[in-house]
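Same order as they appear, the protein sequences are chains A and B.
For the first sequence, the working numbering gives the first residue as 1, with consecutive numbering after it.
For the second sequence, the working numbering gives the first residue as 1001, with consecutive numbering after it.
By construction, the Cβ of each residue, glycine as well, lies at the ideal position given by its N, Cα and C atoms.
Written below as structure tokens is the structure these notes are about.
There are 2 protein chains.
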Amino acid sequence: MNSLKQMDRGALSDALDHSGQRTTPQRETVFSVLLDERDHPTADEVYTRTKSRMPTISMATVYNCLETLVSCGLVKQVNIEREPTRYCPNLAPHAHFHCRDTGRVYDVPVPPDMMHELAEVLPGEYRADSVELVFRGHLAKGKTK
Amino acid sequence: MNSLKQMDRGALSDALDHSGQRTTPQRETVFSVLLDERDHPTADEVYTRTKSRMPTISMATVYNCLETLVSCGLVKQVNIEREPTRYCPNLAPHAHFHCRDTGRVYDVPVPPDMMHELAEVLPGEYRADSVELVFRGHLAKGKTK
DNA sequence: AATTTGACTTAGAATAATTCTAAACGATCT
DNA sequence: AGATCGTTTAGAATTATTCTAAGTCAAATT
């Protein structure tokens, strides 16, 4: 038993079914870890958190599960500056803000029309299927959030 | 003797001086390699190209030189999807397009007003000093460019 | 119910980009 | 010439991630 809500459990097995993969306890637990704390954890952090709920899970399985979740579209990878890959279950279009002081990554909502405008800077021969937008800098003091 | 033009040679020694670092043959040669072929090479590719002009240079020195050029602001690192870091001497604000077929990276000019608009999607507590914009997809066929 | 199948999990080894270390180098200053 | 100090060098070390090969498990087939 993990902490997935019925809704999320359904989304998970639907997405897995749809891509011809199985719903397993390991995948459910890793997914619940991502949903429970949306701080863009690294694979290592996911491993630690998952292990506390399922002590027998291995690092390789965590990597496998994350890759599976990415492949079926439930989770996105966030790569910033050669740091370890982070994982993000936020499927809405959004940008990221990377704080130079803490290394933390925050989601920044992006209005849909901005996405459209962005698409227009691309010359015609480029057909983009994904856009990645990362800001880097500092948080105004007092707002550690 | 490397293939740096006077203008670029000047920019290099100015930037190095300004950040308290020396102009060395290795740094000049690495910089000229970057300027001569602007295809966003990896450190390894820079190493190969530099070695053909200066056979005694080592990989570590190439990494050191690239780091130096980045630190004095003449070169930008381009990180895409955990692939090896690429190096780009294009200082104008621009985005990148990453072709899924060939792995190649292209510069995409971004109009200044677009940069301003982007800055505005950031909530007030975020102070960004850099913006990174990467498109991924395919090139329209026939335009291998 | 036993067997087969194939996807999944596991521990540990392997990989590869990058960084580190310690010694050697070389230009400049005394 | 000797001292200083930033730079270069070869090779070792690091580390996130992937690979390998054996073991597990559940569902499908006999």
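Integer Cβ distance of residue i from residue j, believed to fall under 8 Å
i      : j       : result
A:V108 : B:L1122 : 6 Å
A:N90  : A:R38   : 7 Å
A:P223 : A:R49   : The structure shown does not extend to residue 223 of chain A, since chain A spans only 1 to 145, so no value can be given for it.
A:V62  : A:A43   : 6 Å
A:H94  : A:V134  : With 8 Å as the limit, A:H94 and A:V134 do not qualify as a contact, their Cβ atoms being about 11 Å apart.
Residue closest to residue i, alpha-carbon to alpha-carbon, out of the options
i       : options                            : result
A:R53   : A:P25, A:L91, A:T68, A:E117        : A:P25
B:N1064 : B:P1084, B:R1027, B:Y1087          : B:R1027
A:D129  : B:P1084, B:T1068, B:H1098, B:S1032 : B:H1098
A:L35   : A:R100, A:L4, A:T23, A:S58         : A:L4
B:E1083 : B:M1059, B:G1103, B:P1112          : B:G1103
B:P1111 : A:T23, A:Q21, A:A119               : A:A119
B:C977  : B:E1125, B:R1100, B:T1023          : The first residue shown for chain B is 1001 and the last is 1145, placing residue 977 of chain B beyond what the model contains.
A:G10   : A:Y106, A:L74, A:A92               : A:L74
B:L1012 : B:Y1047, B:V1046, B:L1066, B:G1124 : B:L1066
B:Q1077 : B:K1051, B:V1046, B:D1101, B:R1100 : B:V1046
B:S1032 : B:R1100, B:C1088, B:A1092          : B:C1088
Segment limits, alpha helix (DSSP H) that includes residue i
i       : result
B:S1019 : No alpha helix (DSSP H) contains B:S1019, which DSSP labels as neither H nor E.
A:V98   : For the record, residue 98 of chain A in the displayed sequence is His; it is not Val. No alpha helix (DSSP H) holds A:H98; the beta strand (DSSP E) holding it covers 94 to 99.
A:C65   : 59 to 71
B:V1033 : 1025 to 1036
B:P1123 : Neither: B:P1123 is in no alpha helix (DSSP H) and is coded neither H nor E.
Residue i - containing beta strand (DSSP E), residue span
i       : result
A:E132  : 126 to 139
B:V1108 : 1105 to 1109
B:V1078 : 1076 to 1078
B:R1049 : Segment 1043 to 1053 is the alpha helix (DSSP H) holding B:R1049; no beta strand (DSSP E) there.
B:R1086 : 1086 to 1088
Counted within 10 angstroms of its Cβ, other Cβ atoms place residue i as buried (16 or more) or exposed
i       : result
A:H116  : exposed
A:R86   : buried
B:M1007 : exposed
A:E81   : exposed
A:E132  : buried
A:T68   : buried
A:M114  : buried
A:K143  : Legend: pLDDT at A:K143 = 48, less than 50; position of this residue unreliable, no value from coordinates given.
B:S1058 : exposed
A:Y126  : buried
Would you check if there are 3 or more beta carbon pairs closer than 8 Å linking the region 1010 to 1027 of chain B to the region 134 to 143 of chain A? With a cut-off of 8 Å on Cβ pairs, the region 1010 to 1027 of chain B is not in contact with the region 134 to 143 of chain A, counting fewer than three such pairs.
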